[in-house]
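Notes to accompany the following structure.
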Amino acid sequence: MSTVVSNIGLLVTNDGPERTAAALVLDHGRVVWVGDSAKAPAADERVDAGGRCVIPGFVDSHSHLVFAGDRADEFAARMAGRRYEAGGIRRTVAATRAATDAQLLATATRLVAEMRAQGTTTVEIKTGYGLTVDDEARSARLARTLTEEVTFLGAHIVPDGIERADYLDLVTGDMLDACAPYARWIDVFCDRGAFDESEARRILLAGRERGLGARMHGAQLAASGAVRLAVELDAASVDHCTFLEPHDVDALAGSDTVATLLPGVEFSTRSPYPDARRLIDAGVTVALASDCNPGSSFTSSLAFCIAVAVRDMGMTPAEALWSATAGGARALRRADVGHLAIGARADLVILDAPSYVHLAYRPGVPLVHRVLTAG
Ligand code: NIG
Ligand code: FE
Numbered sequence: 059m060s061t062v063v064s065n066i067g068l069l070v071t072n073d074g075p076e077r078t079a080a081a082l083v084l085d086h087g088r089v090v091w092v093g094d095s096a097k098a099p100a101a102d103e104r105v106d107a108g109g110r111c112v113i114p115g116f117v118d119s120h121s122h123l124v125f126a127g128d129r130a131d132e133f134a135a136r137m138a139g140r141r142y143e144a145g146g147i148r149r150t151v152a153a154t155r156a157a158t159d160a161q162l163l164a165t166a167t168r169l170v171a172e173m174r175a176q177g178t179t180t181v182e183i184k185t186g187y188g189l190t191v192d193d194e195a196r197s198a199r200l201a202r203t204l205t206e207e208v209t210f211l212g213a214h215i216v217p218d219g220i221e222r223a224d225y226l227d228l229v230t231g232d233m234l235d236a237c238a239p240y241a242r243w244i245d246v247f248c249d250r251g252a253f254d255e256s257e258a259r260r261i262l263l264a265g266r267e268r269g270l271g272a273r274m275h276g277a278q279l280a281a282s283g284a285v286r287l288a289v290e291l292d293a294a295s296v297d298h299c300t301f302l303e304p305h306d307v308d309a310l311a312g313s314d315t316v317a318t319l320l321p322g323v324e325f326s327t328r329s330p331y332p333d334a335r336r337l338i339d340a341g342v343t344v345a346l347a348s349d350c351n352p353g354s355s356f357t358s359s360l361a362f363c364i365a366v367a368v369r370d371m372g373m374t375p376a377e378a379l380w381s382a383t384a385g386g387a388r389a390l391r392r393a394d395v396g397h398l399a400i401g402a403r404a405d406l407v408i409l410d411a412p413s414y415v416h417l418a419y420r421p422g423v424p425l426v427h428r429v430l431t432a433g
């Protein structure tokens with residue numbers, strides 16, 4: 059069935075300049091025509107955008123939705139001056155292990171729906187709160203029922219009750235084998251209190267041998283060699299990038315590795331925001347993602363991330379929108395989403411606003427009029 063979305067006041071396709079008075083035709087889940095609303099061909103169904111702004115659906119390339127429990131008390135303590143520590147992950151691991159499959163799936167499903175209602179049409183979901191072979195495998199299996207973009211993050215931290223060397227053997231051996239059938243990516247938290255560069259290298263290379271693409275949590279808590287390692291291993295993305303040295307920026311600029319910025323984390327941990335302006339000016343591809351998780355960033359809103367990126371990270375509204383759509387797609391090495399060129403997936407958002415600038419100009423306001431998806 060074909061659909062024409064007409065009377066679009068402002069259309070962002072991420073494929074050529076913004077258009078006014080535009081229309082789109084969608085057929086079989088793809089964009090098949092883009093042009094002036096007055097010249098739009100007929101279709102089976104007509105959606106009148108009423109002069110609103112239309113953007114590509116958000117591509118949230120980083121989330122941790124398979125978990126149980128709540129860490130609001132840690133958030134409140136941080137707002138009172140306490141520092142964020144990677145060790146909080148252990149609390150969520152304990153709660154997640156104790157939960158049933160049905161409970162985990164219900165929470166993740168609710169969060170994906172929450173994201174969808176706010177304009178996110180593609181989401182990546184990581185494991186990482188199970189940290190046993192069985193608990194990681196079920197996290198991957200449950201995540202796979204919600205998205206194709208599943209990431210194995212057994213290397214989140216070394217859990218209690220196992221020697222570090224034994225855990226590394228597991229993450230690069232049996233646990234990886236159990237999760238790889240459900241996953242497209244492997245990730246490692248390479249930072250203070252988690253895994254070091256040589257461990258991260260071993261983990262990402264083991265994943266690559268099983269056919270998984272590399273991603274990394276790096277430079278969230280401290281500068282290190284993580285970013286350069288991610289670039290060296292051609293990771294699709296290195297995420298956080300809060301503490302970067304000049305050589306990290308240079309390495310990213312000459313690479314296909316996206317720097318994914320997660321401003322919900324700096325907001326929720328009261329940390330300095332990463333400098334998106336510096337990265338963009340150096341030629342680095344920047345994505346914005348939610349990092350939705352119960353510890354460091356319990357937001358599912360990319361509109362919120364855009365608002366912070368514009369307000370405090372030096373991005374223009376147009377850059378921030380690009381990073382939350384096309385940038386996220388680059389971070390997942392996907393050519394079919396994040397834009398609305400002919401042939402792209404028909405994933406789009408009709409905003410209740412005349413311009414995408416309102417995503418930052420009207421922070422905290424629900425601005426999604428309607429979400430259309432190919433699926
Ligand atoms: O991306 N940095 C590592 N992992 C998550 C936080 C997880 C947690 O605190 O539960 C993150 O920020
Ligand atoms: Fe994360």
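According to this note's numbering, the sequence shown is numbered sequentially starting from 59.
Ideal Cβ placement from N, Cα and C applies to all residues, glycine included.
Keep in mind that this is a model prediction, so the values were computed, not measured.
Beta-carbon spacing of residue i, residue j below 8 Å
{"i": "Ile32", "j": "Leu262", "result": "Summary: the structure shown does not reach residue 32, with the chain confined to residues 59 through 433, and so no result is reported for it."}
{"i": "Ile113", "j": "Leu430", "result": "no"}
{"i": "Ala258", "j": "Leu287", "result": "yes"}
{"i": "Leu68", "j": "Thr78", "result": "yes"}
{"i": "Met173", "j": "Asp118", "result": "yes"}
{"i": "Cys299", "j": "Leu319", "result": "yes"}
{"i": "Met233", "j": "Gly212", "result": "yes"}
{"i": "Arg260", "j": "Ala280", "result": "no"}
{"i": "Val407", "j": "Val395", "result": "no"}
{"i": "Glu302", "j": "Val285", "result": "The question names Glu, yet the displayed sequence has Leu at residue 302. It is a contact, given that the beta carbons lie within the stated cut-off."}
{"i": "Gly353", "j": "Arg129", "result": "yes"}
{"i": "Cys111", "j": "Pro375", "result": "no"}
{"i": "Ala393", "j": "Arg88", "result": "no"}
Local conformation of residue i per DSSP, three classes
{"i": "Pro114", "result": "strand"}
{"i": "Ile66", "result": "strand"}
{"i": "Arg403", "result": "strand"}
{"i": "His416", "result": "helix"}
{"i": "His397", "result": "coil"}
{"i": "Thr374", "result": "coil"}
{"i": "Glu207", "result": "strand"}
{"i": "Leu425", "result": "coil"}
{"i": "Arg77", "result": "strand"}
{"i": "Ser282", "result": "coil"}
{"i": "Arg392", "result": "coil"}
{"i": "Leu189", "result": "coil"}
{"i": "Leu287", "result": "helix"}
{"i": "Asp85", "result": "strand"}
{"i": "Val104", "result": "It is worth fixing the name first, because residue 104 is Arg in this sequence and not Val. Strand."}
Residue i versus residue j - alpha carbon distance
{"i": "Leu200", "j": "Ser355", "result": "21 Å"}
{"i": "Gly341", "j": "Thr315", "result": "12 Å"}
{"i": "Val92", "j": "Phe116", "result": "19 Å"}
{"i": "Met373", "j": "Thr383", "result": "14 Å"}
{"i": "Leu189", "j": "Val83", "result": "45 Å"}
{"i": "Ala100", "j": "Asp106", "result": "13 Å"}
{"i": "Pro217", "j": "Ile400", "result": "47 Å"}
{"i": "His86", "j": "Arg104", "result": "15 Å"}
{"i": "Glu377", "j": "Arg428", "result": "23 Å"}
{"i": "Gly265", "j": "Ala81", "result": "43 Å"}
{"i": "Phe133", "j": "Gly145", "result": "14 Å"}
{"i": "Ala345", "j": "Ala367", "result": "11 Å"}
{"i": "Asp410", "j": "Ser282", "result": "43 Å"}
{"i": "Thr357", "j": "Ser121", "result": "10 Å"}
{"i": "Ala387", "j": "Lys97", "result": "30 Å"}
Pairs of beta-carbons, one from the region 123-130 and one from the region 149-156, closer than 8 Å: are there three or more? The region 123-130 vs the region 149-156: in contact.
Is it a yes or a no for the region 234-241 touching the region 273-281, going by three-plus beta-carbon pairs under 8 Å? Contact fails between the region 234-241 and the region 273-281, because fewer than three Cβ pairs, one in each stretch, are under 8 Å apart.
Which runs of the beta strand (DSSP E) at least 3 residues long sit entirely within the region 210-275? Give them in chain order. As far as the region 210-275 is concerned, its whole beta strand (DSSP E) runs of at least 3 residues are 243-248.
Does the count of Cβ pairs from the region 359-376 and the region 416-430 closer than 8 Å reach three? Contact check between the region 359-376 and the region 416-430: three or more CB pairs, one atom from each, fall below 8 Å, which counts as touching.
Write down every uninterrupted run of the beta strand (DSSP E) in the region 309-371 whose length is 3 residues or greater and which is fully enclosed by it, in chain order. Within the region 309-371, the complete beta strand (DSSP E) segments of 3 residues or longer fall at 316-319 and 344-346, listed in chain order.
Which runs of the alpha helix (DSSP H) spanning at least 4 residues fall entirely within the region 114-139, listed in chain order? Correct list: 130-137.
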